[in-house]
Every structure is written in structure tokens, then in C-alpha cells.
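These protein sequences, in sequence, are chains A and B.
Basically the numbering used here = 1-based index in the first sequence + 149.
Basically the numbering used here = 1-based index in the second sequence + 12.
Cβ atoms here follow ideal geometry from the backbone N, Cα and C, with glycine treated the same way.
Treat the numbers as computed from the prediction; the structure is a model and nothing was measured.
As C-alpha cells, the structure follows; a few thoughts come after it.
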Amino acid sequence: MTEQAEIPALLARAATGSHADRLSVVEQLDQAELSWPRQARVHVLRNFTAEPLEAPLKLAAFSRGLKLHWSCGDHDTYFQDILDPASTLHSSQADVVVLALWLESLPMAFDPEGRLQTAAVVEHVRSVVTELRNRVGGLIILNTFLEPCHGISRGWPSRSADDVRALNIEIRRMVGEVPSTCVADFEALRASIGEAHDLRYWFMFKSPLTQRFLTAWADVLGQMIASSKGGQKKVLVLDCDNTLWGGICGEDGLSGIRLGPSDYPGVVFWSFQRQLLELQRTGVLLTLCSKNNEADVMEVLDRHPSSLLRPHHLAGWRVNWRDKASNIVELADELRLGLDALVFVDDSPVELEQVRQSLPMVDTLAVPKKLYELPGLLAHYNRFSGVIRTEEDASRTAQYTAERERTRQSVSFTSHDAFLESLELEATIGEALPEELPRVAQLTQKTNQFNVTTRRYSENEIEWRHASSDSAVVILRVRDRFGDYGLTGLALLSNADGHGVIDTFLMSCRVLGRRMEDALLDEVMAFFHRRWQCGEITAEYIASAKNQQVAEFFPSRGFEVVEQEGTGTRYSITAASYEPSAPTMVRIKRRE
Amino acid sequence: MEDRIKRVMSKVLGVEVDEIGDDSSPDTIDNWDSLRHMNLILALEQEFGVTIGDEEVSTLISYPLIVLVVRELQST
Chain A
150 MTEQAEIPAL
160 LARAATGSHA
170 DRLSVVEQLD
180 QAELSWPRQA
190 RVHVLRNFTA
200 EPLEAPLKLA
210 AFSRGLKLHW
220 SCGDHDTYFQ
230 DILDPASTLH
240 SSQADVVVLA
250 LWLESLPMAF
260 DPEGRLQTAA
270 VVEHVRSVVT
280 ELRNRVGGLI
290 ILNTFLEPCH
300 GISRGWPSRS
310 ADDVRALNIE
320 IRRMVGEVPS
330 TCVADFEALR
340 ASIGEAHDLR
350 YWFMFKSPLT
360 QRFLTAWADV
370 LGQMIASSKG
380 GQKKVLVLDC
390 DNTLWGGICG
400 EDGLSGIRLG
410 PSDYPGVVFW
420 SFQRQLLELQ
430 RTGVLLTLCS
440 KNNEADVMEV
450 LDRHPSSLLR
460 PHHLAGWRVN
470 WRDKASNIVE
480 LADELRLGLD
490 ALVFVDDSPV
500 ELEQVRQSLP
510 MVDTLAVPKK
520 LYELPGLLAH
530 YNRFSGVIRT
540 EEDASRTAQY
550 TAERERTRQS
560 VSFTSHDAFL
570 ESLELEATIG
580 EALPEELPRV
590 AQLTQKTNQF
600 NVTTRRYSEN
610 EIEWRHASSD
620 SAVVILRVRD
630 RFGDYGLTGL
640 ALLSNADGHG
650 VIDTFLMSCR
660 VLGRRMEDAL
670 LDEVMAFFHR
680 RWQCGEITAE
690 YIASAKNQQV
700 AEFFPSRGFE
710 VVEQEGTGTR
720 YSITAASYEP
730 SAPTMVRIKR
740 RE
Chain B
13 MEDRIKRVMS
23 KVLGVEVDEI
33 GDDSSPDTID
43 NWDSLRHMNL
53 ILALEQEFGV
63 TIGDEEVSTL
73 ISYPLIVLVV
83 RELQST
């Protein structure tokens, strides 16, 4: 007995196993009494041996949660089957008809000398499709033709290859005018997978396609069938920094991020944006979910000369400092779509994991480590709807733009702490080591967002602070089960006769959202007491264009306003009244 | 090697491994139709990294013959 819970493992075995494994998995899934979200009845009309398509097609359907009932007409009887109301086509009650035609088996396709008769083929296909459309409902799927195996073109211009291409263009144009009818592009499939012809099986059994090609074709068909049945992905939720461009817009600024048609790696992101626009034109909605200042991101989209993505391409966005799962829930709500219609793309394994854990119905895609593979990420992802394009698809973004100004309700995740716990966070906090001082200076110069005073220091100044007995450089290193983030937070402290001063307190944006700032502040307060026995500590916030996310940092942790002047606010707190707030799930290693 | 052949046959033909023996052929295994035969040839070629000759593709229709041909191909 095959159980429901075994389905993912079986599908995984089919995806990676041998030909025999695949066949046995299909048979097992096909015969077991399992419940599938959707069903389809497929009937295949053909003029070649199409039976080898059955197993890969069923598998492509299963992997999309679709149970497929397969039937197949006799060899080369497709026209009679269409016209005869008593044929297997009409008794199958199919909701999808695959009209699988092979050029070399069409009697009118070639003259006695073997020259392609384009007009005759187009006319034949036109009449077949017209009769079929008049007699059956549901989706009809055709395919374009491959150059026959006697074709001689191997890269040089060839009359026969040109003829087949011209024929295919005609077929697609003609089919484009028939409702609910689409075409699997065999030439594009061959270009992407390589060898299409199985000459042995073609000549012996009239079965012309290799297993690889059959599998790729089945995948396209599965996608089209699933699209026609609904339940497909409709929305891309995109991270910004290091996903849409290289670098961090809040830190590197408009001119510092990497994005553009000529330089690596900017060109990778630029190509990715092109792909996004192409997807958007097929009706996929583009949205942003980024931990950033909204103004910084919008500045890039509005003003970056090489950004192809502009605000009007977006159906919605959440650019703020809250956790991404909550933001994604809000986006789905705003678009009035189920969460299972969303696909989330991010470069951070931590963000991806949080979304996977909180929202398992959202598909997650990671920006590849080999950055140049980024455009392949979406090219290989095949669960978007939009295979069957409609006018309404292309205008969907505009509809949502109109609805964007809806009340935004706050969603909170009780599971956020559980998520933090699952990260196995570990913080090392203590005085900087001499070899860490260059990195400390660099962070003071680069960090804009989580930086309370934005004071820039040279390496010399940092060394002086490190050496002096009345000042200290306290650093934070973070790691979790995804890896080591290195030195990602720091505080510059000083002492004046028992009065402590926090001169600088900053965190790299790579570790935000994990409450590491609380861990660092706790240790800073303990450090003041340990080192100088400070009774009172003052801190400062100097507002900049980039750092409003820390405007409330000190007051929300018990510090009181002492003085406000211009963009600066001074706070103080007594050592005794400070309450530690580091999350208990962070393991803290104190460097003595 | 016999076991591996039986496992491949079992998966492709949809019968239990211990149902496969010296008398196994399309006459004794109902499932063994032409489609499964095409798949069986491909699966055997993949499993053993061999190419079965065009003469044998259509004539390899019993378990003992399969063992014989696969052994021959592997030794060359």
C-alpha cells in the first residue's frame, strides 16, 4: 500500500532515479488510491508512437499535484476520430486533447523528391484543429515540428531547416487564433536539451523521440495542463539587495550598487530584471519584500539609470524592517490571492528558511551561489501560470496597483521566536582583537542604516580608542547554522570618571532581524560596569537620511531623553535601571 | 548480474522479482507488451552502460536471452 505521505519521497526518487525507477514510481502512484488536489483526462491524437509519453506525462502531472487519466487514439486515425462521434476521442470525455503530429508521418508533407510542402501542411493542420475545436471542449495542445532526421543542417544555413522554421511560425500564428489552444515549442525544447531524435526507435518502432526529449515535452504539457486547471503560481516576491542588484542600496548608495548591461556582476542582475519584465508581461505579478528603508529602494527603482524594473511594474511591495513572513502574508492579502500562489526569491538562506518554516505553501527560490546562474533560476522554475496568455494577464498588474492603498493590518507571528531558536544563533561579544580593528574602522565608514550616530573613524582613530584605558572597542561576531557572518556589530565606548558614553553603536544589515542588537547592548551595559564601574550611561542618536530604523532604539530600551538639539538626541540611563533584553535562544560567548 | 536484470525487469514490467525466471517471456508475462519492451531495452542499457544491437532489440524477448546478451556485451 502506498500512503499519501510517501508521495514526496516517491517523486524525488523518480526525479533522480533510473529509467526503470521512474517507470515503477509512475506505476505505483497511478495504481495507489491516493487523493490528488486536481485531476485531468488527457486524450492523445497522434500519427507516431506516442505511448512512451504516457509515463513522463503522468509523472509531470503528479509532481504538480495532478492525477492524469490517459487515453490514446490509434496510430494515424486522428482525423477519423475527430469526425466520428463514436470514436475513443469522444468516449474518453477528455478535458485536454494533445494533438501530437510528426512531420515525416504526414502524407502531404513532402513531395516525391522530399521537399517540404509548407502550404499543404498548414492547411491540413488548420482543418484538423478547426474540426477538433468545433467538436471538443477543454484545452487543445499541439506541437511545432522538428526538422526531419534526413535534414542535413548542422549549423550552416539550410533551405530545409528554414522551411521547417517558417512552417512552425505559420502553425503558431494560425493556432494563436483558435481559443484555448496552445503549442509546445519543439524547436525551443531541442535547443535547450540537445538531441531530440532517437533514430533507432524511429526507424524500428515509429517512436522518434529520446527519453530526455519526451521528459522535457511532458514537463511542458504538464505545465500547460496544470495551468488550465488553476492552482498555479502567480506572484513573485522579490528581495532587493543582492537579488535585484549587487550590493546593498542603503549602504552602497545609488551609484555604489552593481546593476547594468556591461559590467560583471551588474550584468547578471540586469539580465535577471529583463527576465522579470518578460514574466510580468505573461501575467506574473512582481512584488518586493525587502528589509530596507523604502525610500532607498524606491530611489533605485525610480532613478537608477540601468534599473529596468520600475515602480509601475510592481503589483505591491513591503519594504520595511519587519520579518518577511508577515510581510508576505500582507502582500497576499493585498493582492487577494492565496499564499500558495506566491514564490519568494531571496539570497539569504536565513530569510528563505524563515519563510519556509512559517509559510510552507510559499515556494522559495535561492539566488544561486554561482551568481551567473541567476537567470537560470526562473528559466527552470516551471510552476508559473501564464503559459496560456490572455489580455487580462498582461493588465493584471495595473488592476492591483489600483487596489494597493488598502488598510494594512498588522500580522504578528508567535512563531518568530521559535524560528530564531531554530537558527541556533551564537554571538561572540567582547573587546576587539588587534587584527579586527581594520574591519571595525571599515564598518564605521560603511554602515548607514543601523548606526545610531553615523560617526566615521579611520583605522588610526580606532587603534587609539582601543589602546586608551578610558575607551573601548566592543565587537559582536555572529554565527548560526547557515554559517558564520563574521564581525557584524560593534560599539565604541568611553568613560569619564564613572560616566559611560556610547559613542557609536552599529550593526551590519546582514544580521538584522535576529535581535542581536539586544545581545550587544546587554553586553555593553555589563562592560561599563565591569571595566569602569559606571553608574550612569549616556547615548546619542543623530538622525541621518538612512538611519530612521534606530530612532527609537534607545528609548525603547529604557533610556530617557536628556537633551534634543537639531538632528541629535541625547539619552541617559542608570546602570541599575537597565533591564537586559537579549533573547534567551541566543548562545552568548563572552570574550574576556 | 542476474539479480540486477531481474530488478530492472520487475520495475519496468510491473511484476515481482521472484516471478521472473527462465520461462519468463511475453507469453508468460501479460504486461510485457511492445511499449514495455521498448522501455525494458532502454532501462537495461542504462543499468549496464551498454548498447544493445539493433538485431537484438526486437528479439530479446525472454529472461535467459537477456542474461546471455547482457553478459556478452559486458565482457566485450
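Rounded to whole angstroms, the separation of the alpha carbons of L457 of chain A and M665 of chain A is 35 angstroms. For P410 of chain A, the closest C-alpha among the options A:W394, A:V499, A:L403 and A:A481 is that of A:W394.
Taking 7 angstroms as the cut-off between beta carbons, the residues of the segment 348-381 of chain A near chain B are R349, Y350, M353, F354, S356 and Q360, in sequence order. In the same chain as N600 of chain A, and ignoring 5 residues on each side of it, the C-beta atoms closer than 6 angstroms to its own belong to L655 and N696, in chain order.
Out of A:E479, A:A164, A:A249 and A:T602, the CA that lies nearest to the CA of S356 of chain A is found in A:A249.
D179 of chain A places its beta carbon less than 8 angstroms from that of K207 of chain A. Taken through DSSP and simplified to helix, strand or coil, Y690 of chain A comes out as strand. For the beta strand (DSSP E) assignment, the segment 464-494 of chain A encloses no uninterrupted run of at least 3 residues.
With a threshold of 16 other beta carbon atoms within 10 Å, G222 of chain A meets it and is buried. Apart from sequence neighbours up to five positions away, the residues of its chain that approach A209 of chain A with a beta-carbon distance below 6 angstroms are A367, D368 and G371, ordered along the chain.
Taking 8 angstroms as the cut-off, the Cβ atoms of P704 of chain A and Y720 of chain A count as close. Under a 10 Å Cβ-count criterion, M373 of chain A is classified as buried, with 16 or more other Cβ atoms of the shown protein chains found around its own Cβ. A residue is called buried once 16 or more other Cβ atoms fall within 10 Å of its Cβ, and E400 of chain A is buried on that count. Identification of chain A residues near M13 of chain B by a Cβ-Cβ cut-off of 8 angstroms yields none; the smallest Cβ-Cβ distance measures about 15 angstroms. Between R48 of chain B and the set A:L194, A:L172 and A:P186, the nearest pair of CA atoms involves A:L172. Counting of Cβ neighbours within 10 angstroms places L252 of chain A among the buried residues, the total reaching 16 or more.
The way I'd put it, the segment 426-435 of chain A does touch the segment 455-469 of chain A; three or more beta-carbon pairs between them come closer than 8 angstroms. Put simply, of A:R680, A:F418, A:R679 and A:D671 the residue whose alpha carbon is nearest the alpha carbon of V516 of chain A is A:F418. Check the Cα spacing between R467 of chain A and each of A:M447, A:L484, A:L491 and A:S439: the tightest is with A:S439. Nearest Cα to V247 of chain A within the set A:G287, A:P261 and A:H273: A:G287. Restricting attention to A:V191, A:T603, A:P414 and A:F677, the CA atom closest to the CA of T392 of chain A is found in A:P414. If you check each beta-carbon in the segment 17-44 of chain B against every beta-carbon of chain A, the ones closer than 7 angstroms belong to V20, K23, V24 and G26. With the criterion set as a beta carbon lying under 8 angstroms from some beta carbon of chain A, the members of the segment 63-77 of chain B are D66, V69 and S70, in sequence order.
For the segment 197-210 of chain A, the residues whose beta carbon sits under 9 angstroms from a beta carbon of chain B are, in order, T198, E200, P201, E203 and A204. Neighbourhood of D170 of chain A in chain B, by CB distance below 8 angstroms: K23, in chain order.
A check of alpha carbon separations from S240 of chain A across A:E701, A:M257 and A:H192 identifies A:H192 as the nearest.
If you ignore the 5 residues before and after G33 of chain B, its C-beta comes within less than 7 angstroms of the C-beta of Y75, all in its own chain and listed in chain order. For D334 of chain A, the CB contacts under 6 angstroms within the same chain, skipping 5 residues up- and downstream, are T293 in chain order. Using a Cβ distance threshold of 8 angstroms, L54 of chain B and Q360 of chain A count as a contacting pair. Looking at the backbone, the Cα of R195 of chain A and that of V446 of chain A are separated by about 53 angstroms. CA-CA distance, G465 of chain A to L435 of chain A, rounds to 7 angstroms. Not a single CB atom of chain A sits nearer than 8 angstroms to the CB of Q86 of chain B.
In chain order, V20, K23, A55, Q58 and E59 make up the part of chain B whose C-beta sits under 9 angstroms from the C-beta of S167 of chain A. Around E57 of chain B, the same chain offers T63 and I64 as residues with beta carbons nearer than 7 angstroms, after the five sequence neighbours per side are excluded. With respect to the C-alpha of D629 of chain A, the residue from A:Y227, A:S377, A:R736 and A:A731 having the closest C-alpha is A:R736. Under the DSSP assignment, M665 of chain A falls outside any beta strand (DSSP E), being part of the alpha helix (DSSP H) whose first and last residues are M665 to W681.
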